[in-house]
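**Q** Chains as they are written, first to last, in the numbering used here: chain A, 1 to 360; chain B, 1001 to 1360. Backbone N, C-alpha and C fix where the C-beta goes; we use that ideal spot for every residue, glycine too.
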């Protein structure tokens, strides 16, 4: 039996991906020169689709990296001047914090226990912070950061750069880019593409920051520093020979989603998450891992298995029926399961998942 | 007509690649977790094949990056202590030199004009150099650095790290790894795989260097610094969600080549290059771009078109017959063409290429 992956890491491929990869092979996408017009067209097409899909303003830049993990490194190297603030409530928000420290920056860590979100009372950013990192959706715990809260932080902090980790909430996330300075994601989650590509979106304010740091003597290297990325992107190119099939496939999947309409994709995600959360709430042996509804993720659904039953059993039971889900992360490995609610996972699969969970 | 790419950038895919990608899609390679046993098996398999194919000693490390370009950055960050020496005779050797300077290192540039190689008289490495960069095959000019010369440099410089750029000579290059400290390549040239993956091989001496630099306070970040790469590789994993299809495909292509026998692959490359060079030598309007035979590349063949005829015409003529070749690089764009001689390009294609060139 071929398993269907509702995992929160790499997840099931978007249903059109295989056909796009076949077409890419047929069209020699991996063979043509990355300095050719044919590649420039692919690059330009994908950037245009990403912008249209997410409503990215014309004057924001879109560049490609190896992963979203790489973007943390770039932000630490190119955009943090002296001190960054990090809302940390899981492994991924923690890891960017660790990167900032690894680059010798001062940091402010605003921390909450796993499974908890942040409220307005937590928005106390130190006055000397110049970059604020917000993980909009913590993949490790299923906690989201509501966009209204992000907008409030913007109002209270007009000068600091605000950067959004949207790895596991794109394309569901509907955010006003004019209220943030940078957003990044990788393609193997909500976009349902094969891993190996990060997308980094940022505005001129980020470029100005990098420029002033460079002018002050900050070393940024020559590989994927912001200037090398931008210089190439301005020609619809990449600094090194790229994963062209991945850039092509991402553009095509964006186009597919735009055609289906982002409103429909988002409302379907809402609907599927309501179904699953309702089943969890009604089940005597299950509970929401995220108690506060306001910060409960719609795209990574984390379920707590109450004492007396075993999360491993639930995973094995679903796996026997062909549905693969993820374990809880880190210390929650034994007591939680994580289930992706990404666009490629149909309502029908969710109906079946909910039936199975109800019967467990 | 589907064009056959004998280009020196990305090139024709190895003839088994499409089928490996199909199998990877069928086996859910892009969907399984990169923290799972199934991925660890793929990682371990590919490392084993790379080592076997190239004769890499057991105690050398193999890690994956986004490209060979990324490896320059890593070497500059993690391995150059104070001063690096660079043999520069083309765009790629020049670019690593630029990276080293971008990271604030002192450099010694041993430079030759485009199309020329290095001789023993050029091996005058400054006493304070701690890393020596050798581009074994300059893709931009078709000049090779004979391995015997590399071994001599090793003897004369027992302490400095010796790092080899073998981007466009792997898997043809047959080198004794015990006489070098690091070698790197990307997969879209001689391996015939889709771009988006670099392979970085290094020994404990490189690790020791990185350790001592870190101990001295060198900042290396947290993304793809040597320690994060090694920590993950020791578990057959990558620091971020990887391009798993690319790692899988590389392993399979290595296996295919090992099965065919590296000796045969190498002697076929020798044979094809002799055929083409003979045709160039005999043609009244063509000449070797690399005059000195000793340093003439076997894997990237650069042809000079004499005054009166036009390199663009030669390219257009070959293209009409279905064979795509590359322009000369940089200042040689108008007067040279570059032709790949990689394993996926069969003798039969080369027979046809030679016939066409003779008739031009």
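(1) Which chain B residues sit within Cβ distance under 7 Å of residue 245 of chain A?
(2) Just tell me which of A:135, A:175, A:235 and A:360 has its CA closest to the CA of residue 285 of chain A.
(3) Can you confirm whether residue 1188 of chain B, when its beta carbon is compared against all beta carbons of chain A, has any partner nearer than 8 Å?
(4) Select from B:1186, B:1276 and B:1077 the residue whose C-alpha is nearest the C-alpha of residue 1103 of chain B.
(5) Is residue 1402 of chain B near residue 1251 of chain B, with beta carbons less than 8 Å apart?
(6) Which of helix, strand or coil does DSSP assign to residue 111 of chain A?
(7) How long is the line joining the alpha carbons of residue 1184 of chain B and residue 153 of chain A, rounded to whole angstroms?
(8) Return the chain-ordered ranges of every alpha helix (DSSP H) run that is complete within the stretch 1279-1326 of chain B and spans a minimum of 4 residues.
(9) Below 9 Å on C-beta distance, what does residue 99 of chain A contact in chain B?
(10) Go through its chain and collect everything with a Cβ distance to residue 292 of chain A's Cβ below 8 Å, but skip five positions before and after it.
(11) For residue 165 of chain A, list the residues DSSP reports as bridge partners.
(12) Tell me the DSSP secondary structure of residue 125 of chain A in three-state form.
(13) Determine the closest residue to residue 1195 of chain B out of B:1175, B:1176 and B:1168, with distance taken between C-alpha atoms.
(14) In this structure, how does DSSP classify residue 1154 of chain B when only helix, strand and coil are distinguished?
(15) Within 8 Å of any Cβ in chain B, is that where the Cβ of residue 31 of chain A sits?
(16) Between which two residues does the alpha helix (DSSP H) carrying residue 251 of chain A extend?
(17) Using Cβ-Cβ distances below 8 Å, what residues of the stretch 134-165 of chain A are close to chain B?
(18) Can you pull out the residues from the stretch 320-336 of chain A whose beta carbon lies closer than 8 Å to at least one beta carbon of chain B?
(19) Hey, residue 304 of chain A and residue 287 of chain A: beta-carbon distance below 8 Å or not?
(20) Following the continuous alpha helix (DSSP H) through residue 1046 of chain B, name the residue where it begins and the one where it ends.
(21) So if DSSP puts residue 943 of chain B in a beta bridge, which residue, or which two residues, is it bridged to?
(22) Residue 1199 of chain B and residue 1017 of chain B: beta carbons closer than 8 Å?
(23) Leaving out five residues on either side along the sequence, give the residues of the same chain with a beta carbon under 6 Å from the beta carbon of residue 1358 of chain B.
(24) Cα separation between residue 99 of chain A and residue 1228 of chain B?
(25) Please name the residue, chosen from A:130, A:84 and A:335, that lies closest to residue 108 of chain A on a Cα-to-Cα basis.
(26) Helix, strand or coil: which one does DSSP assign to residue 231 of chain A?
(27) Helix, strand or coil, according to DSSP, for residue 218 of chain A in the structure here?
(28) List the endpoints of the continuous beta strand (DSSP E) containing residue 84 of chain A.
(29) Under the three-state reduction of DSSP, which class applies to residue 1004 of chain B: helix, strand or coil?
(30) Helix, strand or coil for residue 989 of chain B per DSSP?
(31) Measuring alpha carbon to alpha carbon, tell me which of B:1157, B:1205 and B:1174 ends up nearest residue 1124 of chain B.
(32) For a test of the three-state rule: what should DSSP assign to residue 1170 of chain B, helix, strand or coil?
(33) So the beta strand (DSSP E) residue 1061 of chain B belongs to, where does it begin and stop?
(34) Along chain B, which residues have their Cβ under 9 Å away from the Cβ of residue 16 of chain A?
(35) Could you give the residue range of the beta strand (DSSP E) that holds residue 200 of chain A?
(36) What would DSSP say about residue 345 of chain A, mapped onto helix, strand or coil?
**A** Reading from the atomic positions:
(1) 1194
(2) A:360
(3) yes
(4) B:1077
(5) Given a span of 1001 to 1360 for chain B in the structure shown, any question on residue 1402 of chain B remains unanswerable.
(6) strand
(7) 45 Å
(8) 1311-1320
(9) 1221, 1222 and 1223
(10) 116 and 117
(11) A:135 and A:184
(12) coil
(13) B:1168
(14) helix
(15) yes
(16) 244-260
(17) none
(18) 326
(19) yes
(20) 1037-1054
(21) Missing from the structure shown is residue 943 of chain B; chain B here goes from 1001 to 1360 and no further.
(22) no
(23) 1279
(24) 11 Å
(25) A:84
(26) helix
(27) coil
(28) 83-88
(29) strand
(30) Outside the displayed span of chain B (1001 to 1360) sits residue 989 of chain B, for which this structure offers no information.
(31) B:1157
(32) coil
(33) 1061-1065
(34) Neighbours of residue 16 of chain A on chain B: none; closest Cβ ~13 Å, over 9 Å.
(35) 198-202
(36) coil
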